[in-house]
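Participant:
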């Protein structure tokens with residue numbers, strides 16, 4: 640995956656995925672402003688912690704990478 644850059648940043652995808660997972664881990668699981676009723680992290684909450692714009696697809700990809 641070397642040389643692949645996360646869209647909209649200069650951050651390599653593998654590093655951004657690590658940062659996204661850390662941002663999600665920092666969210667409060669019982670806070671409805673942080674997670675949907677289905678248990679998915681809300682984009683706005685991740686962006687607030689991360690400090691970079693990301694999409695739900697990017698969050699999902701980072702979390703799915705962690706699960707594999």
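In our numbering, the protein residues as written are 640 to 707. Don't be surprised by glycine CBs; every beta carbon is placed ideally from N, CA and C. In this text, all values refer to a predicted model and were calculated from it rather than measured experimentally.
1) Rank 653, 659, 654 by C-alpha distance to the C-alpha of residue 694 and give the top, closest one.
2) Is it true that the CB of residue 684 sits closer than 9 Å to the CB of residue 670?
3) My guess is that residue 688 and residue 665 are in contact by the Cβ rule of under 8 Å, so how many angstroms apart are they, rounded?
4) State yes or no: is the C-beta of residue 691 within less than 9 Å of the C-beta of residue 655?
Facilitator: Answer, in terms of the structure:
1) For the purposes of this step, residue 694 is taken as residue 55 along the chain shown, with counting starting at 1. When each option's Cα is compared against that of residue 694, the closest is 659.
2) One-based indexing of the chain shown puts residue 670 at position 31. One-based indexing of the chain shown puts residue 684 at position 45. For residue 670 and residue 684, yes; Cβs fall inside 9 Å.
3) The residue given as residue 688 occupies position 49 in the chain shown. The residue given as residue 665 occupies position 26 in the chain shown. Correct: roughly 5 Å between the Cβ atoms.
4) Looking up residue 691 in the chain shown gives position 52. Looking up residue 655 in the chain shown gives position 16. Yes, they are a contact pair.
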